[in-house]
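In the working numbering, the protein residues as written are 1123 to 1204. For each residue, glycine too, the CB sits at the ideal point set by N, CA and C. Treat the numbers as computed from the prediction; the structure is a model and nothing was measured.
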């Protein structure tokens, strides 16, 4: 787990906060939007539906996906089978 993903480094003793999610997602560029999206998804996973942290995380995940979709960066396999 990287430092950016370690919940103990975010929010201090209070745990992860809405502000932590916003700080992580706010400066996202198209190049890193999918990586940040995945980090936020892992951070909010333990929170129950309806929790403010989870709701903000889900909003930011959707925003980051839109940033990625508009960036022109394709995630296709280019015809290569896996």
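Inter-segment contact for the stretch 1169-1177 and the stretch 1186-1195 is absent: fewer than three beta-carbon pairs are separated by less than 8 Å. Listed in chain order, the non-local C-beta contacts of residue 1158 below 7 Å within the same chain comprise 1146, 1147, 1150 and 1186, local neighbours out to five positions each way being set aside. A buried status is given to residue 1161, since no fewer than 16 other beta-carbon atoms sit within 10 Å of its beta-carbon.
Within its own chain, the residues whose Cβ lies closer than 6 Å to the Cβ of residue 1155, once the five positions on either side in sequence are excluded, are 1186, 1189 and 1190, listed in chain order. Residue 1137 and residue 1164 have their C-alpha atoms some 14 Å from each other.
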